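Have a look at the structure below before the remarks.
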């Protein structure tokens with residue numbers, strides 16, 4: 049698993065929702081690794097089978113992706129580089145994609161929250177985590193699990209499905225934010241997260257994920273070596 053997540057890369061080209069037809073990137077994304085083999089198995093075991101010992105290697109993989117998103121030897125997310133004077137006053141906030149109430153009841157924990165807490169505890173994450181996104185409980189079009197849907201159907205299923213409650217908006221108003229999720233597929237969830245945060249006044253600069261589904265094309269991705 050360490051080998052698969054040792055070289056984070058730009059992954060938005062693998063998600064059709066996040067790139068315009070002319071190639072313009074709507075939301076830059078950094079992935080810790082491809083969703084396959086040991087990394088995919090570890091994510092599934094941690095999320096669905098309470099394999100808590102895997103929180104350490106998975107949080108380390110997430111920390112490596114975050115580190116290189118901000119401090120890589122190449123400008124992975126240029127707007128997050130040290131030349132951005134806004135970062136001198138306020139570091140970007142990490143905003144995890146929320147789990148559903150049904151998933152939380154089934155598992156008894158929020159996988160992303162556990163990984164981010166572990167990353168902070170182990171020193172791999174020095175950025176504030178603000179869990180401000182919430183599902184909209186009345187989204188009549190959202191009736192299906194994302195896993196069973198096509199790319200177009202996922203976009204419809206996620207439309208207007210997230211929000212930042214008014215009581216949380218001051219935590220992201222005018223602040224730079226990075227969305228964090230576990231697996232990137234079509235990009236519908238990240239796009240909806242970015243929309244909800246932007247609507248609340250946040251400055252969404254990109255996203256970081258543990259893995260991207262599908263085998264990345266070496267001709268398209270930018271591999272970022274460790275310093």
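Residue numbers (this note's numbering): 49 to 275.
Note that the Cβ used here is the ideal one computed from N, Cα and C, for glycine as well.
Note that this is a predicted model, so its numbers are computed, not measured.
Should residue i be labelled buried (16 or more other beta-carbon atoms within 10 Å of its own) or exposed?
{"i": "residue 54", "result": "exposed"}
{"i": "residue 49", "result": "buried"}
{"i": "residue 66", "result": "buried"}
{"i": "residue 229", "result": "buried"}
{"i": "residue 73", "result": "exposed"}
{"i": "residue 150", "result": "exposed"}
{"i": "residue 265", "result": "A caution first: residue 265 carries a pLDDT of 44, below 50, which makes its placement in the model too unreliable to give a value."}
{"i": "residue 154", "result": "exposed"}
{"i": "residue 113", "result": "buried"}
{"i": "residue 115", "result": "buried"}
{"i": "residue 214", "result": "exposed"}
Under 9 Å, Cβ to Cβ, is there at least one residue of chain B near residue i?
{"i": "residue 226", "result": "As a matter of chain content, chain B is missing from the structure shown, which is built from one protein chain."}
Look at residue i and residue j and say whether their C-beta atoms are less than 9 Å apart.
{"i": "residue 256", "j": "residue 78", "result": "yes"}
{"i": "residue 225", "j": "residue 143", "result": "yes"}
{"i": "residue 175", "j": "residue 146", "result": "no"}
{"i": "residue 258", "j": "residue 80", "result": "yes"}
{"i": "residue 227", "j": "residue 245", "result": "yes"}
{"i": "residue 157", "j": "residue 98", "result": "yes"}
{"i": "residue 57", "j": "residue 159", "result": "no"}
{"i": "residue 88", "j": "residue 105", "result": "no"}
{"i": "residue 235", "j": "residue 63", "result": "yes"}
With a threshold of 7 Å on Cβ separation, who are the neighbours of residue i within its own chain once the five nearest residues in sequence on each side are excluded?
{"i": "residue 108", "result": "172"}
{"i": "residue 217", "result": "248, 249"}
{"i": "residue 263", "result": "Residue placement at residue 263 is poorly supported in this model, since its pLDDT is 44, which falls under 50; the coordinates are not used for a value here."}
{"i": "residue 223", "result": "138, 141, 250, 251"}
{"i": "residue 52", "result": "81, 82, 85, 86, 87"}
{"i": "residue 170", "result": "107"}
Along the chain, where does the beta strand (DSSP E) containing residue i start, and where does it finish?
{"i": "residue 253", "result": "251 to 260"}
{"i": "residue 144", "result": "141 to 144"}
{"i": "residue 232", "result": "224 to 232"}
Let's see if you can read the secondary structure: which residues bound the alpha helix (DSSP H) around residue i?
{"i": "residue 247", "result": "236 to 247"}
{"i": "residue 177", "result": "It is not in any alpha helix (DSSP H) - residue 177 carries neither H nor E in the DSSP assignment."}
{"i": "residue 152", "result": "149 to 155"}
{"i": "residue 168", "result": "159 to 169"}
Go through its chain and collect everything with a Cβ distance to residue i's Cβ below 6 Å, but skip five positions before and after it.
{"i": "residue 101", "result": "none"}
{"i": "residue 233", "result": "261"}
Considering only residues of the same chain and omitting the five flanking positions on each side of residue i, which have a CB-CB separation below 8 Å?
{"i": "residue 220", "result": "141, 143, 178, 180, 212, 245, 248, 249, 250"}
{"i": "residue 148", "result": "183"}
{"i": "residue 133", "result": "Here residue 133 scores only 42 on pLDDT, less than 50, and its place in the model is too uncertain to base an answer on."}
{"i": "residue 103", "result": "94, 162, 163, 166"}
Q.
Please give the ranges of any beta strand (DSSP E) in the region 71 to 121, keeping only runs that are unbroken, at least 3 residues long and fully inside the region.
A. 77 to 82
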